[in-house]
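Protein chains in written order, with the working numbering: chain A, 1 to 708; chain B, 709 to 809.
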Amino acid sequence: MGMEEKIIGACPQDCPDTCSMIITKSDGIVTGVRGNPDHPFTRGRLCAKVNNYQDRVNSTDRILYPLRRTGLKGTAAFERIGWDEALDEIASRWKAIIGTHGAKAILPYSYLGTQGILNGLTVGDAFFNKLGATISERTFCDSGACTAYTMTIGHSAGVDPESFVHSRYILLWACNTLTTNSHHWPFIEEARKRGAKVVVIDPYRSRTARQADLHVPIRPGTDGALALGIIHILFRDGLVDTDYVAQHTVGADELAERAQDYPPERVAAITGLSVDLIAELAHGLSESQPSVIRIGVAIERQSGGGQAVRAIACIPALVGSWRRPGGGLLQLPLWAFPVNWGTFLRPDFIEPEPRVLNQWKLGAALTGEMALDPPIQSLMVYNANPMVMSPEQARIAEGLLREDLFTVVSEQFMTDTARYADIVLPATTQVEQEDIMFSWGHMYLSYNNRAIDPIGEAVPNTELFRRLAKTMGFEDPSFYRSDAEQIADAMLWDAPQMQGITLERLKREGYARLNLPSADEYAPHANGHFATPSGKCEFYSSMAADGNFVLGLFRQGYDGQQSGEPIDPLPHYIPPQESAESNPDLAARYPLNLITPKSHAFLSSTYGNLPHQRRQAGDQSVTLHPDDAARFGIAASDRVKIWNDRGAFEAVAQISPDIRQGVIVAPVGYWPSLNGGQATVHAITSSRYADLGKAPTFSDNLVAVERC
Amino acid sequence: MAYVVTDNCVDCRFTKCVEVCPVQCFHVDERMVYIDPDGCIDCAGCVPECPVGAIDDEYNLPDDKRAWIEINRDRAAVLPRLTGGMEPLPGAQQRKAELGL
Chain A
1 MGMEEKIIGA CPQDCPDTCS MIITKSDGIV TGVRGNPDHP FTRGRLCAKV
51 NNYQDRVNST DRILYPLRRT GLKGTAAFER IGWDEALDEI ASRWKAIIGT
101 HGAKAILPYS YLGTQGILNG LTVGDAFFNK LGATISERTF CDSGACTAYT
151 MTIGHSAGVD PESFVHSRYI LLWACNTLTT NSHHWPFIEE ARKRGAKVVV
201 IDPYRSRTAR QADLHVPIRP GTDGALALGI IHILFRDGLV DTDYVAQHTV
251 GADELAERAQ DYPPERVAAI TGLSVDLIAE LAHGLSESQP SVIRIGVAIE
301 RQSGGGQAVR AIACIPALVG SWRRPGGGLL QLPLWAFPVN WGTFLRPDFI
351 EPEPRVLNQW KLGAALTGEM ALDPPIQSLM VYNANPMVMS PEQARIAEGL
401 LREDLFTVVS EQFMTDTARY ADIVLPATTQ VEQEDIMFSW GHMYLSYNNR
451 AIDPIGEAVP NTELFRRLAK TMGFEDPSFY RSDAEQIADA MLWDAPQMQG
501 ITLERLKREG YARLNLPSAD EYAPHANGHF ATPSGKCEFY SSMAADGNFV
551 LGLFRQGYDG QQSGEPIDPL PHYIPPQESA ESNPDLAARY PLNLITPKSH
601 AFLSSTYGNL PHQRRQAGDQ SVTLHPDDAA RFGIAASDRV KIWNDRGAFE
651 AVAQISPDIR QGVIVAPVGY WPSLNGGQAT VHAITSSRYA DLGKAPTFSD
701 NLVAVERC
Chain B
709 MAYVVTDNCV DCRFTKCVEV CPVQCFHVDE RMVYIDPDGC IDCAGCVPEC
759 PVGAIDDEYN LPDDKRAWIE INRDRAAVLP RLTGGMEPLP GAQQRKAELG
809 L
């Protein structure tokens with residue numbers, strides 16, 4: 001046995017925590033991983049997904065060589081081929097498609113299967129912009145919240161998550177911290193030791209809600225009404241910080257008038273909460289200063305999700321909590337990182353009249369339901385697994401079966417999407433690649449040192465797109481930058497946040513806190529300075545005049561052809577499309593509201609195939625309230641069918657009083673091929689957009705359930 | 709599924725694990741500590757802290773240690789929660805040496 005060696009890496013997953021990891025290797029083999037105990041935020045801990053990352057790296061199921069389809073689509077029948085052969089076939093098929101239909105017939109499909117700045121969100125954007133392919137509008141996560149947040153307070157980093165130790169009232173809104181943001185918890189716990197109250201708003205009693213001082217079991221999709229009800233009480237009971245509002249906000253009078261429409265009695269009827277509880281939240285947020293709200297991604301996944309975030313984002317300014325460290329709103333600290341996005345996006349390559357396609361519409365686009373001209377003739381999937389994580393699962397499968405669709409998938413494993421590919425390309429895991437990482441849950445820039453050489457013929461996404469650029473004959477030298485050159489280009493190193501941070505130090509230590517005031521001092525909006533058009537917190541949004549939009553970062557850098565639907569400049573409540581109140585006819589057939597939280601053991605669909613995580617997660621489950629179980633004759637461990645007009649999937653029933661009556665909970669991330677019914681949660685979700693930023697509406701589903 | 713304290717903890721009880729647990733899911737009796745499996749969030753922070761290698765992921769336990777899964781669940785349910793570290797038991801260092809650690 002050779003010498004054991006330790007390398008500092010960083011977790012690649014799309015999670016706010018971006019843990020600093022210590023990789024152990026011996027004889028060129030990764031033998032273990034652990035959290036880096038020196039990291040001030042992640043503190044030596046990892047999580048159920050990543051604790052055994054070495055098993056992912058070393059799995060015998062890895063795709064290590066290019067593959068070409070030899071059998072029917074969807075059957076995962078492949079033969080090994082060489083990289084040159086694979087690239088030649090891709091080039092000849094794409095050139096033929098471009099000749100016949102134009103480059104818009106090619107669609108990239110990707111998100112954050114790996115989150116590094118080099119290999120993640122934008123890795124293929126310059127390539128596809130140059131190719132002239134259809135622009136992929138990626139509104140998987142926080143796009144609606146980002147639009148709403150930008151309209152209200154600008155692209156602010158918000159409260160430093162470490163400042164929570166100073167908070168006196170912590171409201172975790174639609175956020176299961178202990179499963180999806182668990183390294184934040186010690187800071188919340190420390191605040192509690194210092195006397196803070198912790199409140200969780202969630203339709204079910206999540207593991208985080210069980211730890212809280214107060215759980216607010218809201219009816220799904222009604223968060224906007226609750227926020228407006230809180231605002232109503234703030235004005236009614238004189239709980240507004242009038243000095244702060246006068247100096248640093250726009251539209252308080254209009255907001256006060258709007259909030260008149262949301263008296264607590266009405267809000268109680270909408271949300272299923274008591275009038276007293278709504279008042280308690282308003283008083284807590286105002287009187288226990290500094291108060292802080294942490295919103296989770298789930299908040300946007302409802303028809304009125306954007307306006308819910310608009311209303312919530314008004315509250316910290318109304319109560320003046322921005323005045324002190326630990327007060328305000330935490331959404332995406334991502335905005336603190338001076339990433340040089342332009343060097344990866346290259347919007348200057350985009351032709352004058354591109355086509356934009358939102359990724360939620362994949363099924364409709366592939367099956368021809370959208371009547372696209374030209375139709376999508378080729379799909380390239382990387383950093384994504386739409387068969388598991390995109391809505392209308394059956395329709396996507398139908399589209400992927402098209403014989404005339406040329407599908408290329410770059411992957412680490414034979415995912416349920418890769419099974420349909422014509423060409424599969426082998427992708428590296430994080431230990432086989434070099435990257436620099438932002439975070440959307442803390443203020444530390446991270447560095448991932450490559451621990452081992454790529455296994456087999458796997459390549460990082462950066463190398464994949466270098467090879468594709470060469471194959472397609474691109475001449476611009478930017479396509480051929482090495483990883484080291486891209487890392488040098490990745491950050492705006494001269495930005496004030498980067499002062500004192502050198503690449504050498506990052507590589508050596510693995511992380512560096514951005515050059516911001518300490519968490520004990522950081523109060524970014526104590527004196528206003530909001531990055532909105534007015535420089536103030538805009539209760540009345542001036543950006544609403546231009547209509548609905550998606551941030552350019554989520555659309556390959558392209559800001560044109562925004563959908564522009566009219567937006568009410570004041571926050572308001574938009575009810576769910578599918579609820580007993582809004583659609584009684586539908587509810588008569590489909591009486592239960594399904595919500596689809598993230599699994600504790602999976603990161604979206606990642607790890608959904610690995611033995612360790614599958615054993616922990618068990619089979620696809622659905623949890624019902626005891627009264628609903630009795631009503632539909634379902635016992636614990638029964639196999640049940642869940643369905644609506646869009647589709648059906650099967651799950652194992654669990655029964656718990658932790659769920660609101662009328663709501664059922666089925667975690668997302670299970671692979672259809674590994675789930676008996678050949679379908680999972682996204683078989684029944686819709687591709688409808690939320691009101692802002694084209695967020696999905698995965699909490700807005702009525703379904704029926706019965707024993708199989 | 710959760711992390712599990714096994715027999716190496718008996719009569720050692722170093723409690724370094726307790727100091728790093730972010731959710732305070734350790735419970736204690738006079739001889740060892742136990743993890744509440746419903747409270748454990750699988751962060752694995754405690755594993756490298758234990759000087760006698762007593763803690764492991766339930767998934768990794770060999771057959772002769774699997775009984776500890778239920779023991780942890782049952783004992784954690786009835787014992788007090790430990791919120792900070794304690795002095796190791798008097799014979800802890802000797803027991804650690806006996807374990808060859």
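We treat Cβ as the ideally placed atom computed from N, Cα and C, and that holds for glycine.
Residue i at chain A interface by Cβ criterion, 8 Å
i, result
"Cys725 (chain B)", "no"
"Cys751 (chain B)", "yes"
"Met709 (chain B)", "yes"
"Val713 (chain B)", "no"
"Asp744 (chain B)", "no"
"Asp728 (chain B)", "Note on identity: in this sequence residue 728 (chain B) is Val, with Asp being the wrong assignment. Answer yes: the Cβ-Cβ gap between Val728 (chain B) and chain A drops below 8 Å somewhere."
Exposure of residue i, with buried meaning 16 or more beta-carbon neighbours within 10 Å
i, result
"Cys708 (chain A)", "exposed"
"Ile709 (chain A)", "One cannot answer for residue 709 (chain A) here, as it falls past the ends of chain A, which runs 1 to 708."
"Pro657 (chain A)", "exposed"
"His625 (chain A)", "buried"
"Val713 (chain B)", "buried"
"Gln713 (chain A)", "For residue 713 (chain A) there is no data in the structure shown, the boundaries of chain A being 1 and 708."
"Leu445 (chain A)", "buried"
"Arg505 (chain A)", "exposed"
"His735 (chain B)", "buried"
"Asp546 (chain A)", "exposed"
"His682 (chain A)", "buried"
"Asp476 (chain A)", "exposed"
"Met794 (chain B)", "exposed"
Chain B contact for residue i (CB, 8 Å cutoff)
i, result
"Gly44 (chain A)", "yes"
"Leu178 (chain A)", "yes"
"Ser518 (chain A)", "no"
"Pro186 (chain A)", "yes"
"Phe36 (chain A)", "Just to set this straight, residue 36 (chain A) is Asn in the shown sequence, not Phe. No, its Cβ sits nowhere closer than 8 Å to a Cβ of chain B."
"His442 (chain A)", "no"
"Ala48 (chain A)", "yes"
"His39 (chain A)", "no"
"Gln289 (chain A)", "no"
Test item: CB-CB of residue i and residue j under 8 Å
i, j, result
"Asp765 (chain B)", "Arg739 (chain B)", "no"
"Ala704 (chain A)", "Thr697 (chain A)", "no"
"Thr208 (chain A)", "Val216 (chain A)", "no"
"Gln562 (chain A)", "Asn548 (chain A)", "yes"
"Phe344 (chain A)", "Ala126 (chain A)", "yes"
"Ile299 (chain A)", "Ala174 (chain A)", "yes"
"Val652 (chain A)", "Asp619 (chain A)", "yes"
"Ile270 (chain A)", "Tyr558 (chain A)", "no"
"Pro220 (chain A)", "Ile595 (chain A)", "yes"
"His48 (chain A)", "His442 (chain A)", "According to the sequence shown, residue 48 (chain A) is Ala rather than His. Not closer than 8 Å, so no."
"Ser167 (chain A)", "Gly326 (chain A)", "yes"
"Tyr109 (chain A)", "Ala371 (chain A)", "no"
"Ile423 (chain A)", "Ile487 (chain A)", "no"
"Ala191 (chain A)", "Phe164 (chain A)", "yes"
Distance cut-off 7 Å: residue i Cβ against heavy atoms of the ligand ZN
i, result
"Leu318 (chain A)", "As far as ligands go, the structure on display features none, and thus does not contain the ligand ZN."
Length at least 4, wholly inside the region 483-532 of chain A: the alpha helix (DSSP H) runs in chain order: Whole alpha helix (DSSP H) segments, 4+ residues: 483-490 and 503-509.
Every unbroken beta strand (DSSP E) within the region 647-678 of chain A, with a cutoff of 3 residues, ordered by chain: Complete beta strand (DSSP E) runs here, min 3: 647-655 and 663-665.
At least three beta-carbon pairs within less than 8 Å, the region 61-75 of chain A to the region 35-45 of chain A: Flag = no, the region 61-75 of chain A and the region 35-45 of chain A do not touch.
Whole beta strand (DSSP E) elements within the region 141-221 of chain A, 3-residue minimum: Unbroken beta strand (DSSP E) stretches of 3 residues or longer found wholly inside the region 141-221 of chain A: 169-173, 197-201 and 214-216, given in chain order.
Stretch-stretch touch, CB-based, cutoff 8 Å, three pairs: the region 17-37 of chain A with the region 581-589 of chain A: They do not touch, by the three-pair rule.
Validate contact between the region 420-437 of chain A and the region 451-468 of chain A using beta carbons, cut 8 Å, 3 pairs: These segments touch.
Runs of beta strand (DSSP E) wholly within the region 250-318 of chain A (minimum 3 residues, chain order): If we require 3 residues or more, the beta strand (DSSP E) runs fully inside the region 250-318 of chain A come out as 291-295.
Beta strand (DSSP E) segments (min. 3 residues) lying fully within the region 335-371 of chain A: Correct list: 356-358.
Three CB pairs or more closer than 8 Å across the region 83-91 of chain A and the region 460-473 of chain A: Output reads yes: the region 460-473 of chain A touches the region 83-91 of chain A.
Beta strand (DSSP E) segments (min. 3 residues) lying fully within the region 50-138 of chain A: Within the region 50-138 of chain A, complete beta strand (DSSP E) segments of at least 3 residues are found at 67-69, 78-80, 106-110 and 135-137, given in chain order.
Interface positions of the region 756-773 of chain B facing chain D (Cβ-Cβ less than 9 Å), listed along the chain: Reference to chain D is not applicable here, since the protein chains of this structure are A and B.
The region 269-287 of chain A contacting the region 231-249 of chain A, beta-carbon criterion three pairs below 8 Å: Touching, yes, given that three or more Cβ pairs across the two stretches are closer than 8 Å.
Contiguous alpha helix (DSSP H) assignments of at least 4 residues, all confined to the region 567-619 of chain A: Under the rule that a run must span 4 or more residues, the alpha helix (DSSP H) segments found entirely inside the region 567-619 of chain A read 584-589 and 611-617.
Sufficient close CB pairs (3 or more, under 8 Å) joining the region 510-522 of chain A to the region 361-380 of chain A: No, because fewer than three Cβ pairs between the region 510-522 of chain A and the region 361-380 of chain A fall closer than 8 Å, the two stretches do not touch.
Stretch-stretch touch, CB-based, cutoff 8 Å, three pairs: the region 375-389 of chain A with the region 109-124 of chain A: With the cut-off at 8 Å, the region 375-389 of chain A and the region 109-124 of chain A touch.
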